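Down below is the structure, laid out as structure tokens.
In this note's numbering, the protein residues as written are 4 to 177.
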């Protein structure tokens, strides 16, 4: 069972009153921390929805029995991690592969990255068996994209290479 979050969106440039918004608060004023209407900057973004820019808030669900309104380091950044041309968060997204070389992550070509994956995979199977190959991934669902963050990896390993085993963080049983 994963942590619970609430997602709110509302149109850009639409004025309202404290009684008419989803938080029941005057959001033009600083909100007290850890109240139902407070959200951290990392929980906010401006994203596209139905072709229009909207405000987005993804905040911990105070009624969820798993996290009781507390945000994890990943979960509390779900809104911030959504791509946005308005706030520039799409620039934080990885667009080219990186490989650990000379003590640091270095950009590399897709051909180089796929060659490394192929050689490591072949060695695991050669020295053991196909059952020794396990893909580790995560699912935090919702606005964070869930398996979207590992979509390309999933396509490679499960559709192209037909890997049988995976380990999913945050899912103790299926």
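Yeah, the Cβ is synthetic: ideal placement off N, Cα and C, and Gly gets one too.
Note that the structure is a prediction, hence the values are computed from the model and not measured.
Taken in chain order, the complete alpha helix (DSSP H) segments of 4 residues or longer contained in the stretch 79 to 150 are 113 to 130. Where residue 12 is concerned, the enclosing beta strand (DSSP E) starts and stops at 8 to 14.
For residue 90, the CB contacts under 7 Å within the same chain, skipping 5 residues up- and downstream, are 48, 49 in chain order.
Residue environment analysis places residue 82 among the buried positions, since at least 16 neighbouring C-beta atoms fall within 10 angstroms of its C-beta.
Under DSSP, residue 63 takes part in a beta bridge, and its partners are 8. For residue 171, the enclosing beta strand (DSSP E) starts and ends at 168 to 172. Sorting 45, 107, 97, 15 by C-alpha distance to the C-alpha of residue 54 places 15 at the top.
Between residue 36 and the set 160, 74, 12, 20, the nearest pair of CA atoms involves 74.
Distance between residue 125 and residue 111, taken at the CA atoms: about 21 Å.
Cβ-Cβ separation between residue 58 and residue 12: approximately 6 Å, consistent with a contact (criterion under 8 Å). Assignment of beta-bridge partners to residue 165 by DSSP yields no partner. Counting along the chain, the unbroken alpha helix (DSSP H) around residue 157 starts and ends at 154 to 157. Contact annotation, residue 42 with residue 60: C-beta distance approximately 5 Å; criterion of less than 8 Å satisfied. Residue environment analysis places residue 163 among the exposed positions, since fewer than 16 neighbouring C-beta atoms fall within 10 angstroms of its C-beta.
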